[in-house]
């Protein structure tokens with residue numbers, strides 16, 4: 001996702017997994033309460049949109065939305081600070097919210113700042 005934000009161009013990135021993978025991803029995103037999420041052949045899609053305008057600081061104006069089996073569930077994502085309604089059934093969240101969540105806030109509940117430190121156990 002950081003590569004898409006940092007570079008221009010159309011992208012299609014596809015990952016495949018099992019129901020356990022979707023369950024863990026949905027829990028991390030706060031979508032655990034979605035009753036339709038974990039059915040057989042289910043899917044989670046993260047769409048990234050570029051507004052094609054430069055912000056004052058030189059960054060691009062980018063948004064994302066999350067679909068669970070074709071249903072927009074972006075409103076359920078707890079780390080989205082400001083939602084943007086584009087159309088009646090389309091809700092977007094600023095890309096900075098998910099980047100900040102993944103890189104800055106995800107490990108705070110574990111009292112760590114990154115993945116490596118949270119997985120290394122120190123023996124006494």
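In UniProt numbering, the protein residues as written are 1 to 124.
Yeah, the Cβ is synthetic: ideal placement off N, Cα and C, and Gly gets one too.
None of the values given here were measured: they were computed from a predicted structure.
Coarse secondary structure for residue i, derived from DSSP in three states
i	result
residue 116	helix
residue 65	strand
residue 89	coil
residue 124	With a pLDDT of 47 at residue 124, under the threshold of 50, the predicted position of this residue should be treated as unreliable, though the coordinate-derived value follows. Three-state result, residue 124: coil.
residue 50	strand
residue 20	helix
Closest Cα partner of residue i within the set the options
i	options	result
residue 69	22, 9, 43 and 25	43
residue 31	66, 87, 102 and 17	66
residue 41	17, 29 and 61	17
residue 160	113, 93 and 86	What the structure shows of the chain is the stretch from 1 to 124, and residue 160 is not part of that stretch, so it cannot be assessed.
residue 90	72, 82 and 100	72
residue 101	62, 116 and 80	80
residue 96	116, 82 and 21	82
Residue j beta carbon less than 9 angstroms from that of residue i
i	j	result
residue 48	residue 15	no
residue 25	residue 77	no
Beta-bridge pairing of residue i - partner residues as DSSP gives them
i	result
residue 72	67
residue 77	None; residue 77 has no bridge partner.
residue 95	Its beta-bridge partners do not exist; DSSP assigns none.
residue 103	DSSP lists no partner for residue 103.
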